[in-house]
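Structure record follows, encoded as structure tokens.
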Amino acid sequence: MSEPTVSEAIDSIYASLQSNNADIDVHIATLKAALTREGMKEAVFDPTRLAQNNRSGRKLMQAYFRQRGVNVKFSA
């Protein structure tokens, strides 16, 4: 089985966020590994696909991911 790409890991996180954060920590770890493999420094998320698409929700998500070693940015 091949390792997931960054985009596949991000899609898994979107699915997890929609299902009440099910296995979110596992998906964050997968994303962190994919970012390292691909030599990327941060993950870019589409705010329209988030469950909480407001400033508070985005800042909470950034803080939670940062605690787990992943920098998060949002597309415009």
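1419 is the number that my numbering gives to position 27 of the sequence shown; each next residue is one higher, with no gaps. From the three backbone atoms N, C-alpha and C, an ideal C-beta is built for every residue, glycine too. Since we're looking at a predicted model, the values are computed, not measured.
Pair within 8 Å by beta-carbon distance, residue i and residue j
i	j	result
V1462	L1423	yes
F1437	I1402	yes
Close Cβ partners of residue i (< 6 Å) along its chain, the five nearest in sequence each way excluded
i	result
E1430	V1398
R1460	I1420
Exposure label - residue i; buried when at least 16 CB within 10 Å
i	result
L1427	buried
S1404	buried
Residues of its chain near residue i, where Cβ-Cβ distance is below 8 Å and the 5 sequence neighbours each way are ignored
i	result
K1465	E1434, A1435, V1436, F1437
Other residues of its chain near residue i: CB distance less than 7 Å, five sequence neighbours each side excluded
i	result
M1432	V1398
Restricting to runs no shorter than 4 residues, where is the alpha helix (DSSP H) found entirely within the segment 1414-1438? Runs of the alpha helix (DSSP H) inside the segment 1414-1438: 1416-1430.
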